[in-house]
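Here the working numbering runs 220 ahead of the position in the sequence shown, where the first position is 1.
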Amino acid sequence: MPIDTALFIFVSVRNYSDFYLNHHQISALEQFIVSARKYRPATFKDVVGQQAITNTLENAIANNHLAQALLFTGPRGVGKTTCARILAKKINQEADEIVDENEDYAFNIFELDAASNNSVDDIRNLIDQVRIAPQVGNYKVYIIDEVHMLSSAAFNAFLKTLEEPPKHAIFILATTEKHKILPTILSRCQIFDFKRITVKDIREHLVDIAKQEGITADEEALHIIAQKADGALRDALSTFDRVVSFSGENLTRAAVTENLNVLDYDTYFETTDLILENNIPQLLLSFNDILARGFDGHHYIAGLASHYRDLMVCKQPATIALLEVGDQTKKKYHEQAQKTSFNFLMQALELANECDLKYRTSRNPRLLVELCLMQMASITFDGEKKKARNFIIPASYFKSQPEQAPKNVSVESKPVSAPVQNKEQTAEKTVEPVKQPIPSQAAEPETAQEQPRVKPNLTNQSQRVSGLSLKGLRRKKEILERQTEKEVDVSKLPREAFTEIAMQAAWKEYVAKLQKKGEKILASNLETDTPTLKGTAIQIEFPNDTMRVELERAQHGLLEFLKRKLQNYDITIDITVNEAAERKYAYTTREKYEKLKDKNPDLDLLRKTFDLDI
Numbered sequence: 221m222p223i224d225t226a227l228f229i230f231v232s233v234r235n236y237s238d239f240y241l242n243h244h245q246i247s248a249l250e251q252f253i254v255s256a257r258k259y260r261p262a263t264f265k266d267v268v269g270q271q272a273i274t275n276t277l278e279n280a281i282a283n284n285h286l287a288q289a290l291l292f293t294g295p296r297g298v299g300k301t302t303c304a305r306i307l308a309k310k311i312n313q314e315a316d317e318i319v320d321e322n323e324d325y326a327f328n329i330f331e332l333d334a335a336s337n338n339s340v341d342d343i344r345n346l347i348d349q350v351r352i353a354p355q356v357g358n359y360k361v362y363i364i365d366e367v368h369m370l371s372s373a374a375f376n377a378f379l380k381t382l383e384e385p386p387k388h389a390i391f392i393l394a395t396t397e398k399h400k401i402l403p404t405i406l407s408r409c410q411i412f413d414f415k416r417i418t419v420k421d422i423r424e425h426l427v428d429i430a431k432q433e434g435i436t437a438d439e440e441a442l443h444i445i446a447q448k449a450d451g452a453l454r455d456a457l458s459t460f461d462r463v464v465s466f467s468g469e470n471l472t473r474a475a476v477t478e479n480l481n482v483l484d485y486d487t488y489f490e491t492t493d494l495i496l497e498n499n500i501p502q503l504l505l506s507f508n509d510i511l512a513r514g515f516d517g518h519h520y521i522a523g524l525a526s527h528y529r530d531l532m533v534c535k536q537p538a539t540i541a542l543l544e545v546g547d548q549t550k551k552k553y554h555e556q557a558q559k560t561s562f563n564f565l566m567q568a569l570e571l572a573n574e575c576d577l578k579y580r581t582s583r584n585p586r587l588l589v590e591l592c593l594m595q596m597a598s599i600t601f602d603g604e605k606k607k608a609r610n611f612i613i614p615a616s617y618f619k620s621q622p623e624q625a626p627k628n629v630s631v632e633s634k635p636v637s638a639p640v641q642n643k644e645q646t647a648e649k650t651v652e653p654v655k656q657p658i659p660s661q662a663a664e665p666e667t668a669q670e671q672p673r674v675k676p677n678l679t680n681q682s683q684r685v686s687g688l689s690l691k692g693l694r695r696k697k698e699i700l701e702r703q704t705e706k707e708v709d710v711s712k713l714p715r716e717a718f719t720e721i722a723m724q725a726a727w728k729e730y731v732a733k734l735q736k737k738g739e740k741i742l743a744s745n746l747e748t749d750t751p752t753l754k755g756t757a758i759q760i761e762f763p764n765d766t767m768r769v770e771l772e773r774a775q776h777g778l779l780e781f782l783k784r785k786l787q788n789y790d791i792t793i794d795i796t797v798n799e800a801a802e803r804k805y806a807y808t809t810r811e812k813y814e815k816l817k818d819k820n821p822d823l824d825l826l827r828k829t830f831d832l833d834i
């Protein structure tokens with residue numbers, strides 16, 4: 221046996237078990253592919269929200285005007301690494317070549333994580349690799365991710381190569397913190413600043429993904445996910461997967477808000493209505509309910525300030541486009557904006573911003589927010605002369621109106637007999653405050669009378685079914701029953717006879733399919749032994765139990781392929797473990813060397829000549 225062959229066998233046997241085990245541990249986790257990986261763009265046209273950069277890169281490639289050092293910078297999840305991979309793949313393709321999605325020119329693309337390879341020695345190894353010309357394609361592309369993690373010495377060692385690289389080398393640097401990179405590095409690179417993806421672009425992309433996955437999603441639900449992502453498409457896709465796992469194939473706004481634990485638009489709409497009605501008791505009860513649901517008071521008051529900003533935007537039709545919400549929510553904003561005055565919004569914004577600044581330093585933040593809400597509810601109150609700036613409606617005003625408290629109860633308990641009499645009684649009671657010497661309060665009983673007409677609409681919203689309610693569980697059960705009804709009758713499936721040769725040919729075809737998909741270790745696992753046929757059971761033997769377990773986990777796809785190929789749905793796989801074969805592989809380093817030396821005595825001469833360690 222030649223020396224090079226012996227060395228290859230030595231290295232292969234040495235690393236076979238570890239490499240095999242690690243691969244199958246990873247492949248077991250990759251049965252479910254997250255949307256961020258499943259729908260990763262393969263071309264520049266698929267990149268979302270970065271049209272300016274992608275067009276520039278395409279024109280640079282078409283006109284042979286591409287720089288040899290590129291720097292992609294921007295926030296997380298906006299497509300920096302994706303564009304780098306697409307660029308590395310595209311520059312090695314010929315102009316007239318048909319684009320193959322499975323071809324990735326892996327031998328010409330080198331990805332380096334600067335977070336774990338940040339020393340001078342790592343950069344020196346990189347420089348030594350750069351000198352070697354590519355064997356396939358025209359360029360060798362080096363993608364250095366998180367390049368800001370390199371040390372100062374590593375940056376300095378990289379300067380000369382980055383300024384004058386070989387003609388066949390192109391460097392693509394990616395980072396989220398451009399300010400940490402040395403100016404000498406920045407001056408040698410062509411900088412591309414990736415922007416945050418807009419809420420509209422993320423929402424439209426989520427709509428397309430939902431259609432491809434067969435998921436019915438509300439526009440408002442996807443809009444909330446897009447807002448929560450904060451310009452990062454990867455975060456939006458991760459959130460989308462989590463919400464889909466929670467709610468199933470029907471994605472509603474209620475399910476999204478419940479799963480993400482965010483305050484819905486309706487919360488701020490209801491709060492603003494209570495403030496405009498000067499209903500301080502109900503306002504405080506509403507804030508207590510929000511705290512009981514686990515929300516932070518600081519987050520609540522900041523969201524309320526943003527809500528008032530959105531209401532100011534809706535004051536003018538030309539500025540309604542500044543709202544990053546859905547069409548239905550825009551209508552709600554427009555309706556509530558008509559009820560508010562500009563003076564009220566300015567004072568409410570001032571109070572909310574003041575509370576936001578004092579919240580972190582306050583020893584009683586809840587009291588701070590409650591005082592802020594009471595001051596907001598007192599802005600439109602004209603019952604008394606307000607001399608002080610931070611005026612609050614006195615409690616005596618609400619004591620003089622005890623009928624306000626049972627009003628909500630009477631509306632919610634509408635099915636009680638003789639509702640007409642209750643309405644007449646409440647109407648008579650609400651007229652009494654008009655007799656007070658304050659003339660400006662005459663408009664308030666009218667608004668109080670209008671409340672029972674509006675609040676019954678809230679009962680319609682209670683018909684929404686939560687994913688964890690009894691109705692929701694019943695609906696899920698009905699869906700499962702429908703699915704079981706649609707299942708195919710097993711007795712009617714084909715059971716045609718087949719030979720062992722046909723089975724082995726189908727087995728080899730499936731192995732070739734795995735190799736084409738890149739699952740080479742699983743393919744090599746299936747090639748370990750030639751399968752045999754006993755009736756409809758396919759028997760295969762493995763040298764260790766680990767291989768058996770991993771094949772059992774991945775046998776579903778294999779069985780489905782064989783059943784369809786051979787037209788027999790009684791096929792099973794019988795896996796056995798040969799302990800003797802397992803012991804054959806269980807050598808120590810010294811035993812492996814002695815075994816190889818017996819086969820090729822020249823190997824010992826090679827070791828002694830070069831003084832090699834075992």
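Just so it is clear, CB atoms sit at the ideal spot from N, CA and C, and this is done for glycine as well.
Let me check one thing: in DSSP terms, what residues is residue i bridge-paired to?
i	result
residue 394	292, 365
residue 422	Paired residue(s): none; residue 422 is not in a bridge.
residue 331	363
residue 752	759
residue 471	437
residue 715	788
residue 576	According to DSSP, residue 576 bridges with nothing at all.
residue 412	292
residue 389	360
Select from the options the residue whose C-alpha is nearest the C-alpha of residue i.
i	options	result
residue 371	787, 342, 355, 391	342
residue 289	567, 771, 594, 405	405
residue 718	740, 789, 735	789
residue 598	520, 581, 567	567
residue 351	369, 328, 269, 520	328
residue 446	546, 494, 366	546
residue 414	585, 302, 618	302
residue 334	374, 560, 832	374
residue 528	563, 411, 347, 385	563
residue 753	285, 722, 736	722
residue 457	422, 487, 490	422
residue 262	306, 827, 459	306
residue 468	412, 408, 433, 300	433
residue 189	745, 733, 777	This structure gives no information on residue 189, because the portion of the chain shown stretches from 221 to 834.
residue 460	601, 390, 255	255
residue 426	410, 443, 596, 411	443
What is the DSSP secondary structure of residue i, counted as helix, strand or coil?
i	result
residue 726	helix
residue 515	coil
residue 302	helix
residue 584	coil
residue 601	coil
residue 351	coil
residue 645	With a pLDDT of only 44 at residue 645, under the threshold of 50, the placement of this residue in the model should not be trusted; the figure read from the coordinates follows. Three-state DSSP puts residue 645 in a helix.
residue 344	helix
residue 377	helix
residue 460	helix
residue 484	coil
residue 401	coil
residue 264	helix
residue 720	helix
residue 594	helix
residue 589	helix
residue 259	coil
residue 539	helix
Any beta carbon from chain C within less than 7 angstroms of residue i's own beta carbon?
i	result
residue 754	You won't find chain C in this structure, because it holds only one protein chain.
* Asked: Are the stretch 498 to 511 and the stretch 610 to 621 touching, with three or more C-beta to C-beta distances below 8 angstroms?
  -> yes
Complete runs of the beta strand (DSSP E) confined to the stretch 755 to 830 [at least 3 residues]: 757 to 762, 792 to 797
(Q) When you compare the stretch 779 to 793 with the stretch 753 to 763, are there three or more beta-carbon pairs, one atom per stretch, that lie closer than 8 angstroms? (A) yes
| query | Can you find at least 3 beta carbon pairs, one from the stretch 294 to 313 and one from the stretch 380 to 395, that sit closer than 8 angstroms? | reply | At 8 angstroms Cβ cutoff, the stretches touch.
The stretch 276 to 285 / the stretch 479 to 489 touching (three or more Cβ pairs under 8 angstroms):
Under the 8 angstroms Cβ criterion, the stretch 276 to 285 does not count as touching the stretch 479 to 489, having fewer than three qualifying pairs.
- Task: Assess, as a yes-or-no matter, whether the stretch 398 to 417 is touched by the stretch 504 to 511 under the definition of 3 or more beta carbon pairs within less than 8 angstroms.
- Result: Flag = no, the stretch 504 to 511 and the stretch 398 to 417 do not touch.
Inter-stretch contact (C-beta, 8 angstroms, three-pair minimum) for the stretch 304 to 313 and the stretch 353 to 362
yes
Does the stretch 553 to 562 come close enough to the stretch 585 to 594 that 3 or more CB-CB pairs lie under 8 angstroms? Taking a contact to require three or more Cβ pairs closer than 8 angstroms, the stretch 585 to 594 and the stretch 553 to 562 do not qualify as touching.
- Should the stretch 579 to 586 be regarded as contacting the stretch 539 to 554, the criterion being three or more beta carbon pairs within less than 8 angstroms? In this structure the stretch 579 to 586 does not touch the stretch 539 to 554; the number of beta carbon pairs closer than 8 angstroms is below three.
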